[in-house]
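Right, one structure below, let's go through it.
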Amino acid sequence: MPGGAGPLVLVEGLSFQRGSRTVFDSLDISMAKGEITAVLGPSGVGKTTLLKLIGGELRPDRGRVVVGGDEVHRLSRSRLYAMRRRMGVLFQAGALFTDLDVFDNVAFPLREHTRLSEELIRNIVLLKLEAVGLRNARHLWPRELSGGMARRVALARAIALDPEIVLYDEPLAGQDPISAGMLVALMRQLNDSLGLTSIVVTHDVEEIAGIADTMHVLSGGRCIASGPPEEIRGSAEPSVRQFIQGLPDGPVPFHFPGPPIAEDLLGMAAGGPAAAARA
Amino acid sequence: MEAFAWLGRRVLDWVEVLGRGTVFLARVLAGLPGAAARVRDLVRQIGRVGAESMVLILVSGLFVGMVLGLQGYNMLVRFGAEESLGLAVALALVRELGPVVSALLYAGRAGSALAAEIGLMKTTEQLAAMGMMAVDPLHRVVAPRFLAGIIAVPLLAAMFSAVGVLGGQFVGVGLLGVDDGAFWSQMQAGVDLRDDIANGIVKSVVFGVVVTWISLFQGHDAVPTSEGVSRATTRSVVWSSLAVFGLDFVLTSLMFND
Ligand SMILES: Nc1ncnc2c1ncn2[C@@H]1O[C@H](COP(=O)(O)OP(=O)(O)OP(=O)(O)O)[C@@H](O)[C@H]1O
Ligand SMILES: [Mg+2]
Numbered sequence: 221m222p223g224g225a226g227p228l229v230l231v232e233g234l235s236f237q238r239g240s241r242t243v244f245d246s247l248d249i250s251m252a253k254g255e256i257t258a259v260l261g262p263s264g265v266g267k268t269t270l271l272k273l274i275g276g277e278l279r280p281d282r283g284r285v286v287v288g289g290d291e292v293h294r295l296s297r298s299r300l301y302a303m304r305r306r307m308g309v310l311f312q313a314g315a316l317f318t319d320l321d322v323f324d325n326v327a328f329p330l331r332e333h334t335r336l337s338e339e340l341i342r343n344i345v346l347l348k349l350e351a352v353g354l355r356n357a358r359h360l361w362p363r364e365l366s367g368g369m370a371r372r373v374a375l376a377r378a379i380a381l382d383p384e385i386v387l388y389d390e391p392l393a394g395q396d397p398i399s400a401g402m403l404v405a406l407m408r409q410l411n412d413s414l415g416l417t418s419i420v421v422t423h424d425v426e427e428i429a430g431i432a433d434t435m436h437v438l439s440g441g442r443c444i445a446s447g448p449p450e451e452i453r454g455s456a457e458p459s460v461r462q463f464i465q466g467l468p469d470g471p472v473p474f475h476f477p478g479p480p481i482a483e484d485l486l487g488m489a490a491g492g493p494a495a496a497a498r499a
Numbered sequence: 020m021e022a023f024a025w026l027g028r029r030v031l032d033w034v035e036v037l038g039r040g041t042v043f044l045a046r047v048l049a050g051l052p053g054a055a056a057r058v059r060d061l062v063r064q065i066g067r068v069g070a071e072s073m074v075l076i077l078v079s080g081l082f083v084g085m086v087l088g089l090q091g092y093n094m095l096v097r098f099g100a101e102e103s104l105g106l107a108v109a110l111a112l113v114r115e116l117g118p119v120v121s122a123l124l125y126a127g128r129a130g131s132a133l134a135a136e137i138g139l140m141k142t143t144e145q146l147a148a149m150g151m152m153a154v155d156p157l158h159r160v161v162a163p164r165f166l167a168g169i170i171a172v173p174l175l176a177a178m179f180s181a182v183g184v185l186g187g188q189f190v191g192v193g194l195l196g197v198d199d200g201a202f203w204s205q206m207q208a209g210v211d212l213r214d215d216i217a218n219g220i221v222k223s224v225v226f227g228v229v230v231t232w233i234s235l236f237q238g239h240d241a242v243p244t245s246e247g248v249s250r251a252t253t254r255s256v257v258w259s260s261l262a263v264f265g266l267d268f269v270l271t272s273l274m275f276n277d
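So the protein sequences, as listed, match chains A and B.
Mapped onto the numbering used here, the consecutive letters of the first sequence carry residue numbers 221 to 499.
Mapped onto the numbering used here, the consecutive letters of the second sequence carry residue numbers 20 to 277.
What follows is the structure in structure tokens.
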């Protein structure tokens, strides 16, 4: 196992609410330097939210996030930006700049943060696009890309500056088996050849188990299991097993929390429109 | 009691929005030196906001000038002072109608487009992505547009006034038979560089700042949904227009009260 030089990203006692809904309740996770850490969990559990908290886009209600020794939410804006410069983020929807073409999207961070010549920038951009298989799509506009292609361009952009940490939000969603396999290999290769630390948020257990060094499973605002993939997959813990094996019934609810369906449907039949209006 | 609570909430909301708007403005202002240094991007933005409003401004200016010529002539001819038509038209345009109407047209045409653009960039997480790339979107995206607006609005107002004078001349001299020499010489003698032209420019710079600020802020403050962006767009026009009228009264009473 590569790296292992201690935690680079540390989440301690993290609590976070969206309105009245508690997304995290005293969450603890530590992510080791040089590793690929996968964060798994059902849709809506707060995986994207966790990445936004790590990147300093959202503020926790309680607890702290430490990246490379700095407490993210205590940094001044300029220190926060200095930290983000060492970080590449792949957004769940890609978030490409719609007024720039594919090439300029990938070149954007290079032009903003370096004084490299246009020729050098061109070479770097083409190499990054080559790595995600889209070198020949460089003249396309974001609106001309499929969802999976847009996400791969966004990945090329996220790694343009050779960051130390890459946060991937669902890199495999919407990818065909060939690109998914290629992306997984790319993530592993980036991690090993550049000595990156990767944090991958996903619900694709099978694909990610092949490359992750450590996996964390989130449920109900907490981390319910952590460990190497074999251990997680072999876990006897019912809620972990349910999620890993994709079973519909078990301790992890498929449904967004709230009143049961009987109340919503039968409540209307029993109580009439007045009761329905209350719901 | 209910009404008081409602009013109180509204006032608090207002104060909060004003506070957020001020913080927003301060951060954008901090980005202005950087925006000014990116000459190419700045010129592109000026071209965009300027070109978007230019035809509208020119056509409107022409018609407003023609109406001024007509109305001014009818008024002045009663006192046998139709020779002063050029002066009357020019003063009305330079002091009031040029800055005010061009700012209103700019708010409706370019300001709403700015609000929609920024709002959509927020909705599609482009601003957040930029922030995560350690590039402050308020500096990189908003500041150049702000500066472009401040530069474009006085230019648009000047064009509006210039075309308006030509419109007034066309009606007054061409159609109603006012003496051409008198039209221009009275104008030249009567329009004061500092009192009229400089004050008119100050007005349109102020309007440019306020309208562009409101539009960009509304876009940036939009709820990130399609409905949120559409509301932000409408709101940018409503607030900009009100601000222009209100500020015009304040500025006029400060400038021309002697
Ligand atoms: N802007 C928001 N306002 C209010 N609630 C939100 C907002 N964004 C997310 N949430 C809530 O926060 C919770 C976590 O959302 P999040 O996007 O982090 O889920 P996720 O684990 O990334 O899901 P997915 O796998 O579907 O992407 C959800 O229950 C969602 O309802
Ligand atoms: Mg998500």
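For every residue, glycine included, the Cβ atom is placed at its ideal position computed from N, Cα and C.
Simplified DSSP state of residue i, which is helix, strand or coil
| i | result |
| --- | --- |
| Arg-238 (chain A) | strand |
| Ser-272 (chain B) | helix |
| Leu-44 (chain B) | helix |
| Leu-228 (chain A) | strand |
| Ala-400 (chain A) | helix |
| Met-85 (chain B) | helix |
| Arg-73 (chain B) | Checking the sequence, you will find Met at residue 73 (chain B) rather than Arg. Here Met-73 (chain B) sits in helix by DSSP. |
| Ser-204 (chain B) | helix |
| Leu-310 (chain A) | strand |
| Ala-153 (chain B) | coil |
| Met-20 (chain B) | coil |
| Ser-259 (chain B) | helix |
| Val-242 (chain B) | coil |
| Glu-384 (chain A) | coil |
| Asp-215 (chain B) | helix |
| Val-322 (chain A) | helix |
| Ile-249 (chain A) | strand |
| Asp-32 (chain B) | helix |
| Gly-38 (chain B) | helix |
| Gly-466 (chain A) | coil |
| Thr-143 (chain B) | coil |
| Ser-366 (chain A) | coil |
| Gly-80 (chain B) | helix |
| Thr-269 (chain A) | helix |
| Leu-416 (chain A) | coil |
| Gly-430 (chain A) | coil |
| Ile-379 (chain A) | coil |
| Gly-487 (chain A) | helix |
| Ser-234 (chain B) | helix |
| Val-113 (chain B) | helix |
Bridge-paired residues (DSSP) for residue i
| i | result |
| --- | --- |
| Met-435 (chain A) | A:Ala-258, A:Gly-447 |
| Ser-121 (chain B) | The partner list for Ser-121 (chain B) (beta bridge, DSSP) is empty, contrary to what the question assumes. |
| Phe-244 (chain A) | A:Phe-236 |
| Arg-442 (chain A) | A:Ser-439 |
| Asp-389 (chain A) | A:Val-421 |
| Val-287 (chain A) | A:Val-229, A:Asp-290 |
| Arg-282 (chain A) | A:Ser-235 |
Residue i at chain B interface by Cβ criterion, 8 Å
| i | result |
| --- | --- |
| Phe-311 (chain A) | yes |
| Arg-304 (chain A) | yes |
| Ala-441 (chain A) | Sequence inspection shows Gly at residue 441 (chain A); the Ala mentioned does not correspond to that position. Taking Cβ atoms only, chain B never reaches closer than 8 Å to Gly-441 (chain A), which makes this a no. |
| Tyr-388 (chain A) | no |
Within-8 Å CB hit, residue i to chain A
| i | result |
| --- | --- |
| Gly-38 (chain B) | no |
| Glu-144 (chain B) | yes |
| Val-68 (chain B) | no |
| Ala-56 (chain B) | no |
| Met-152 (chain B) | yes |
| Ala-148 (chain B) | yes |
Listed from N- to C-terminal order along the chain, which residues in the stretch 315-347 of chain A have their beta-carbon within a distance smaller than 8 Å of any beta-carbon of chain B?
-> Ala-315, Leu-316, Phe-317, Thr-318, Phe-328, Pro-329, Glu-332, His-333
Under 9 Å (Cβ pairs) to chain B, residues found in the stretch 253-276 of chain A = Lys-272, Gly-275, Gly-276
Within the stretch 326-375 of chain A, note down every full alpha helix (DSSP H) run reaching 4 residues or more, in order along the chain.
-> 338-351
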